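Everything on this sheet refers to the single structure shown next.
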Amino acid sequence: MFDVDIWQEIFSTIKKNKLRTFLTGFSVAWGIFMLMVLLGSGNGLSNGVKEQFAQSAVNVMWMWTGETSIPYNGLKEGRQVKFNNQDYDFLTTKSKDIENVSSRYYLPNDILYAYGKEYGSFETSTCYPSLKDMENINIERGRFINDMDMQEFRKVVVIGDEIRKALFKEEDPIGKYLKIGGVPFNVIGVSMDKRRNQENNRAAYIPFSTAQRIFNGGNRVHTFTVTSKMVQTTEEAEAITEKVRQDMALRHDFDPKDKRAMGSFNMLTEYIRTMKIFQAINMFVWIIGIGTLIAGIVGVSNIMLILVKERTKEIGIRKALGATPFSVISLVLLESVLITTVAGYIGLVMGVGLMELINFGLEQATAGGGGENVFFKNPTVDFKTAVSATLILILSGAFAGYLPSKRAASVTPIEALRDE
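Residues 993 to 1412 in this note's numbering are what the sequence shown lists, from first letter to last.
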């Protein structure tokens, strides 16, 4: 370990130049503080957007029909395109890019729900069991629709938590019967959106096959919700969308380029594109933060050069008395590392602390029933980043002191004693 006398001399030098040391340290502390704030803010935005994407699987795609706007194969424009149950069979068995499929047959929004003397109008989603994972439906009580419900056309329903409160009050709804459009349905589960989205909590889910049979759906399918295989680029995701569009165009005789004949939205394309944007933002944040830190390190290096200049005679006397180049280098280098590390650590703690404080405020707001739509979640800096920043500080301090210390070690005793 280094001699205690060296440390005593370093602290003595710092005490003699308090203002200069403070200003030097402040530039370093500010640089690392800004780096932590920028990284934390970048993480907060990224986590917030990921939270929004978490409402559904990131590889989910929705498809719906309209009417043709381009003549095709002798057929005029203005023709209605209609999905059917055979399309479901095709997507589940023959489409290589599709993993899971759920059909939907729309019911009127004003369809009446009734239990005892309580009633109200709520959204009804007709679906397959696979929708639970595709749209991340959280089951608070009971269970979701299963394959047996589909095969046996069971009159079962999963209600949102707001429907439970409106119709059942404090009563446990599981196993009870409510009427949907005058038809009794057995409540098998209660769903609750973890983000407290009131729209999702006012929705109910019934088997698609049951809805078609009871509400005169025939063979009609209004929309498909599907999950595609995971890919890494937007080009691959768009290729999947285009392939599915071509397949459906072939089945229903419309031009694949006719966007009005069939609409689609691929979440995976948007997710990949958004994540790439945040990767670029994160890289930009590191560049700005490290640039700010380098400005502080340059200041430390300049101050150390001035310090060496002021102590040239002292260094010459040391060398004349037998001081080795290593002892001279270590004296300057240790002072530079000490100032940089201590000041940087203070900036690090303040930056991380500020982000933790902001995160605490956001958590309290969310716990109090607000903040569910805020695009800013958990703006903290992880442990690996903090360790990396600490290592950067130590290396930066060593780099800042290296050139001045090398210059000090190269001074000969005669040149030093002649210095004015």
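Even glycine gets a Cβ: it sits at the ideal position worked out from N, Cα and C.
Predicted model, so just to flag it, every value in this text is computed and none were measured.
In chain order, F1216 and S1256 place their CB closer than 6 Å to the CB of M1055, counting only its own chain and leaving out the 5 sequence neighbours on each side. Counting the other CB atoms within 10 Å of its CB gives I1269 a total below 16, which places it among the exposed residues. With contacts defined by Cβ atoms closer than 8 Å, G1058 and A1253 form a contacting pair. The Cβ atoms of V1213 and D1089 do not sit closer than 8 Å to each other. Residue V1334 holds the alpha-carbon nearest to the alpha-carbon of F1003 among V1334, Q1356 and L1346. Under the DSSP assignment, S1061 falls outside any alpha helix (DSSP H); it carries neither an H nor an E label.
For R1237, the enclosing alpha helix (DSSP H) stretches over residues T1226 to H1244.
By the neighbour-count criterion, in which 16 or more other beta carbons inside 10 Å mark a residue as buried, D1079 falls on the buried side. Of the other Cβ atoms in all chains shown, 16 or more fall within 10 Å of the Cβ of R1194; this residue is therefore buried. One thing to note: I1024 has its Cβ no nearer than 8 Å to the Cβ of A1378.
Taking a 10 Å sphere around the C-beta of I1298, we find fewer than 16 other C-beta atoms and assign the residue as exposed. Between T1332 and V1029, the C-beta gap is not smaller than 8 Å, which leaves the two residues out of contact.
By the beta-carbon neighbour count (other beta carbons within 10 angstroms, threshold 16), S1113 is exposed.
Following the DSSP letters along the chain, one finds N1128 in no beta strand (DSSP E), marked with neither H nor E. For the 8 Å CB-CB criterion, N1130 and K1186 form a contact. Taking V1223 as reference, the option from K1086, Y1111 and M1259 with the minimal CA-CA separation is M1259.
With contacts defined as CB atoms closer than 8 Å, T1116 and I1103 qualify as a contacting pair. By the beta-carbon neighbour count (other beta carbons within 10 angstroms, threshold 16), K1074 is exposed. In this structure, N1101 and T1219 do not form a Cβ contact; the two beta carbons are roughly 26 Å apart against a cut-off of 8 Å. With contacts defined by Cβ atoms closer than 8 Å, Y1105 and L1170 form a contacting pair. The three-state secondary structure of G1108, taken from DSSP, is coil.
According to the DSSP secondary-structure assignment, R1265 is paired through a beta bridge with no residue. In this structure, T1233 and T1261 form a Cβ contact; the two beta carbons are roughly 7 Å apart against a cut-off of 8 Å.
Spatial neighbours of L1083 in its own chain (CB-CB distance under 7 Å, excluding positions within 5 residues in sequence) are listed in chain order as I1090, V1093, F1216 and V1218.
With respect to the 8 Å criterion, L1037 and F1368 are classified as neighbours on the basis of their beta carbons. DSSP, reduced to helix, strand and coil, places T1084 within a helical segment of the structure shown.
The Cβ atoms of V1182 and P1199 do not sit closer than 8 Å to each other. Counting only the Cα atoms, Y1263 lies some 6 Å from V1050. Residue environment analysis places K1221 among the exposed positions, since fewer than 16 neighbouring C-beta atoms fall within 10 angstroms of its C-beta. Beta-carbon to beta-carbon, S1328 and V1373 are separated by about 25 Å, too far to satisfy the 8 Å threshold. The beta-bridge partner set that DSSP reports for A1195 consists of E1115. One thing to note: Y1111 has its Cβ no nearer than 8 Å to the Cβ of S1095. Note that the C-beta distance between I1206 and V1179 is not below 8 Å. By alpha-carbon distance to G1209, the top candidate from L1099, F1352 and D1250 is L1099.
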